[in-house]
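Protein chains in written order, with my numbering: chain U, 1 to 497; chain X, 498 to 684. Cβ atoms here follow ideal geometry from the backbone N, Cα and C, with glycine treated the same way. All values derive from a computational prediction rather than experimental measurement.
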């Protein structure tokens, strides 16, 4: 038995033993069993029209999702089945994350046991370890990332100690579409966290993964470990978190080593909230980690080779119900003139300022983001304005504008999105969307669209969309994805129970 | 999990399969009674201390609301929730915020709460395991109002201006049904 097999067996044994111990402890506790059935069904129909209007290239996509979960006492059992239909799969956009899926697929299946001392799950699950430094496998609804780990996880909770182990098979959501084939990877690992007096904590995590290689065919081994520590309200003033990780990647062309260091400190003085962070990541990113970052969650960030500090300051202006936030970060890479690519670093300055106003029925948010890579002479800007005006019981007038710009000496791209909406009733909103894309060397493209969202009950949502969207870079929750452009019709029906 | 090229199937087979699947789903749905008791959970707060929902069920009127720092409707709703927590806290009303931010942005949560002056209990669900049990679609905000019997009284998916008025009326109604705070049903 090799070292990895032994590790897997040890982790599995730990899951089983911890389940036995916890179940024995829980049986001594009295509890009132409860039974509950819950889930959802979602139907999605898309009539996708080609950009040039050639009807031969139009296609239909239909997706049906049914999810059932039964909770009884401390046990939950669940399954989710997806059905997917493409009238012509060859025409589906390469950026469509469903493109390679099978017709019928059991997407989720799990049995979960949760109690005061033990939480264990066999089947599909999402997890992160070490604030994302060592492992990050999460669902992102806004981006369509929905690839869980297929395996098992267990967490034992003692008074001052948490122990988590996990393992299983996983697929990265974007790669399989980019390379037009399936990628099956495995991850195994665990985390220990000890709570100390005065709200201090220390811990560490370890993950071993075997990654299906792009080329040549084979497997890359990645080992990453981290130690972490911090405290809340230290000296009554500061919240601190620090983490250090090291990574070793055994790839086809040799072994690479890297590291990741992160420090965040936050505090409060009167109307001011201050957050500072310092990060130092070198050759650190792998397929299943997403290191910490206090930047905007709607921008893209490089976590592989970057180092530098960021300061975020917010201030209240209570007299007008406004909050002003500003952030400035100055970062560099570890590149040297002798490095591949030959630059003396990759310096970037990033700043943004946000004004948020909440006064009676008015909500207004405006923000300007600017990032400049001085060595490469690339600039990114992102402008947002969002207005919501309440006009009565669940009725609103909505308006918004979003502009992303990317400029380099050789290329520029600006994508504008705007919308205006009105609540027809407490149950529905009708909105009109207009977007246009300006790309250097090309004519400006316009995209009009209209969307009706109707909520007949609190558990049901119907959405109808007709028109177009330019697609492009979309970010949410700190993750990003390039979405395909769209022209046609979409209808979604969702029912939760 | 498989990820192979989907087959092109005929329209008639597509319709038959879809109809069968929809029928099964609807039959199951129509046989399902509304959920009564909310899933219990035990999560850590921002200082690392445990919070167990079960400790409060059957004792207080509870509003469990799932949110994230990047969610604009959540930001709009939270000051209203703080106002209600201040107004009805001594009558046995408890607001519990369940933050669903990923671990990578955890350092932003506390400054965010401080900035918008929210001090009702906030717990962390970084892997969204609890959110999945309440709302598998994971839309935010998503909240349930729980009565003093420990049963789900009403679900609040999303937030639109005016929802806080509906919530306030529902909370006042539930508190009026049993005006003796702290009285338990299981003792």
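{"query": "Quick one: which unbroken beta strand (DSSP E) runs of 3-plus residues sit fully inside the stretch 236 to 322 of chain U? Chain order, please.", "result": "238 to 251, 254 to 269, 272 to 282, 305 to 317"}
{"query": "Roughly how far, in whole angstroms, is the beta-carbon of residue 304 (chain U) from the beta-carbon of residue 283 (chain U), given that I think they are within contact range, below 8 Å?", "result": "7 Å"}
{"query": "Answer with buried or exposed for residue 293 (chain U), where buried requires no fewer than 16 other C-beta atoms within 10 angstroms of its C-beta.", "result": "buried"}
{"query": "Starting from residue 670 (chain X), trace the alpha helix (DSSP H) in both directions and tell me its first and last residue.", "result": "660 to 674"}
{"query": "Relative to the alpha-carbon of residue 285 (chain U), which residue among U:261, U:267, U:271, U:268 has its alpha-carbon at the smallest distance?", "result": "U:261"}
{"query": "Looking only at its chain, what residues have a beta carbon closer than 8 Å to the beta carbon of residue 137 (chain U), apart from the 5 residues adjacent to it on each side?", "result": "126, 127, 128, 147, 148, 149, 170, 187, 288"}
{"query": "Starting from the beta carbon of residue 452 (chain U), find every residue of chain X whose beta carbon is closer than 9 Å, and list them in chain order.", "result": "Near residue 452 (chain U) there are no residues of chain X at all, since even the closest Cβ is about 15 Å away, more than 9 Å."}
{"query": "Report the three-state DSSP secondary structure of residue 134 (chain U) (helix, strand or coil).", "result": "coil"}
{"query": "Helix, strand or coil for residue 334 (chain U)? Go by DSSP, reduced to three states.", "result": "coil"}
{"query": "For the alpha helix (DSSP H) containing residue 177 (chain U), list its first residue and its last residue.", "result": "175 to 178"}
{"query": "Counting only Cβ-Cβ distances shorter than 8 Å, please list the residues of the stretch 282 to 301 of chain U near chain X, keeping chain order.", "result": "290, 291, 292, 293, 294, 297, 298"}
{"query": "Consider the Cβ of residue 234 (chain U): report whether some Cβ of chain X lies at a distance smaller than 9 Å.", "result": "no"}
{"query": "In the DSSP assignment, find the alpha helix (DSSP H) that holds residue 577 (chain X) and state where it starts and stops.", "result": "569 to 585"}
{"query": "What residues in the stretch 249 to 274 of chain U have a beta carbon less than 8 Å from any beta carbon of chain X?", "result": "264, 266, 268, 273, 274"}
{"query": "Looking at the C-beta of residue 645 (chain X), does it have a partner C-beta in chain U at a distance below 9 Å?", "result": "no"}
{"query": "So which of U:423, U:42, U:152, U:312 has the shortest CA-CA distance to residue 109 (chain U)?", "result": "U:152"}
{"query": "Check whether chain U comes within 9 Å of residue 618 (chain X), counting only Cβ atoms and requiring the distance to be less than that.", "result": "no"}
{"query": "By DSSP, does residue 119 (chain U) sit in helix, in strand, or in coil?", "result": "strand"}
{"query": "In chain order, what residues of the same chain have a beta carbon less than 8 Å from the beta carbon of residue 554 (chain X), not counting five sequence neighbours either side?", "result": "534, 535, 537, 643, 647"}
{"query": "Leaving out the 5 sequence neighbours to the left and right, which residues in its chain are closer than 7 Å to residue 251 (chain U) when beta-carbon positions are compared?", "result": "220"}
{"query": "How about residue 191 (chain U) and residue 161 (chain U): do their beta carbons lie closer than 9 Å?", "result": "no"}
{"query": "Consider the Cβ of residue 358 (chain U): report whether some Cβ of chain X lies at a distance smaller than 9 Å.", "result": "yes"}
{"query": "In the DSSP assignment, find the beta strand (DSSP E) that holds residue 196 (chain U) and state where it starts and stops.", "result": "185 to 196"}
{"query": "Return the chain-ordered list of same chain residues with a C-beta closer than 6 Å to the C-beta of residue 78 (chain U), the five sequence neighbours on each side being excluded.", "result": "69, 110"}
{"query": "Within the 9 Å Cβ cut-off, does residue 668 (chain X) reach chain U?", "result": "no"}
{"query": "Which residues in chain U sit within 7 Å of residue 576 (chain X), going by Cβ to Cβ distance?", "result": "358"}
{"query": "Quick one, which residues of the stretch 201 to 213 of chain U are near chain X if we go by CB-CB under 9 Å, in chain order?", "result": "201"}
{"query": "What do you get for residue 673 (chain X), buried or exposed, if any count of 16 or more other CB atoms within 10 angstroms of its CB means buried?", "result": "exposed"}
{"query": "Is residue 228 (chain U) near residue 203 (chain U), with beta carbons less than 9 Å apart?", "result": "yes"}
{"query": "Tell me whether residue 614 (chain X) sits in a helix, a strand or coil according to DSSP, three-state version.", "result": "coil"}
{"query": "How should residue 295 (chain U) be labelled, buried or exposed, when 16 other C-beta atoms within 10 angstroms of its C-beta is the threshold for buried?", "result": "buried"}
{"query": "Along chain X, which residues have their Cβ under 8 Å away from the Cβ of residue 132 (chain U)?", "result": "599, 600, 601"}
{"query": "Below 9 Å between beta carbons: does that hold for residue 84 (chain U) and residue 64 (chain U)?", "result": "yes"}
{"query": "Between residue 623 (chain X) and residue 598 (chain X), how many whole angstroms is the CB-CB distance? I'm expecting something under 8 Å.", "result": "7 Å"}
{"query": "Suppose you measure from the CA of residue 579 (chain X) to the CA of residue 616 (chain X); what does that come to, to the nearest Å?", "result": "7 Å"}
{"query": "Expressed to the nearest angstrom, what Euclidean distance is found between the alpha-carbon atoms of residue 351 (chain U) and residue 118 (chain U)?", "result": "44 Å"}
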